[in-house]
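Numbering (the working numbering), first residue to last: 72 to 406.
Structural data, given as structure tokens:
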């Protein structure tokens, strides 16, 4: 019987099993799991065996156990309550599950945005390592070279710019959020060093507005300066006319998502989901090169990025409007 199967069968009366699991739990709760460089070292290792006292476990068995525990917690499952009481206070639980899941599906190279998103949950004495620790797992075409002499904000600006240039896409903007924005950075730059709230996962790829085809012209420019602006082309859709400030439980329980209504230029009002932070009069834009519409806020001579937008399913077929031959594209500056 696998470790995962035994976890499924464990009950509050299974004291012997709980004690057996507790011995392994000393390994699971180690701060080792949360260190930034462990992500690369563990994922690319040909094999991994964990030792504790006179016991050992392979990473495959650990992965099986973590999958069961994480699933049961998210589903509010009550079939292994005694084990849950032991593990709930352990902050490294989700990181262990993330790392073993990553290793189980590792193919050699991964999308840098996904790697950086997961690296947000790690710890590092030098915050640059939250970026540099994972670039070796991504395509070399991103051309990000570690430079510990470069100011952190410059590293973050350069990283987002390299992602946009290499991918020829604005898909990185889906990771932006007004809630976690570093005020010293342009709003289009993602701060991968901040501990990631799960709000960044509210818009999985399957729920995003479909990107344009590879043939769609994508024009952008990054201005120079301490706070460079991102100049892009996009189509204005409408302005926010109402905001519901509460978690949207139809997405997933407890995640902070607001539901807003956007009044289009035709005066119709349609519902959208967004990360918390969108306000009345914020504008909904569809940008060329983006995989999702975004909410922008006027600021001086440009706009600030507030949140990606996700429409209800019934409206998905109308997007992306910026790819239409009939829409009016405007050149705007995101600052």
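In this text, a Cβ means the ideal position worked out from N, Cα and C, and glycines have one as well. Here the structure is a predicted model, which means the values were calculated and not measured.
When the five nearest sequence neighbours on each side are left out, the beta carbons in the same chain lying within less than 7 angstroms of the beta carbon of residue 181 are those of 208 and 209, in order along the chain. Taking 7 angstroms as the cut-off, the beta carbon of residue 343 is found closer than this to the beta carbon of residue 331.
Rounded to the nearest angstrom, the gap between the Cα atoms of residue 227 and residue 125 is 45 angstroms. Comparing C-alpha distances from residue 374 to each of 258, 294, 306 and 346 shows the shortest one belongs to 258. Residue 165 carries a helical assignment under DSSP once its states are collapsed to helix, strand and coil. The beta carbons of residue 133 and residue 105 sit no closer together than 7 angstroms. In the structure shown, residue 373 falls within a strand segment according to DSSP collapsed to helix, strand and coil. Cβ-Cβ distances below 6 angstroms link residue 292 to 302 in the same chain, with the five nearest sequence neighbours on each side left out; the list follows chain order. Among the bridge pairs identified by DSSP, residue 302 is matched with 292 and 404. Selection 309, 376, 114 and 179 evaluated against residue 341 yields 309 as nearest (Cα-Cα). Counting only the Cα atoms, residue 119 lies some 18 angstroms from residue 164. Short of 8 angstroms from the beta carbon of residue 97, and not among the five residues preceding or following it, lie these beta carbons of its own chain, in chain order: 123. Rounded to whole angstroms, the gap between the alpha carbons of residue 339 and residue 354 is 15 angstroms. By the neighbour-count criterion, in which a residue is buried when 16 or more other Cβ atoms sit within 10 angstroms of its Cβ, residue 212 is exposed. Between the alpha carbons of residue 313 and residue 184 lies a distance of about 31 angstroms.
By the 16-neighbour rule on beta-carbons within 10 angstroms, residue 254 is exposed. Rounded to whole angstroms, the gap between the alpha carbons of residue 350 and residue 199 is 32 angstroms.
By the neighbour-count criterion, in which 16 or more other beta carbons inside 10 Å mark a residue as buried, residue 191 falls on the buried side.
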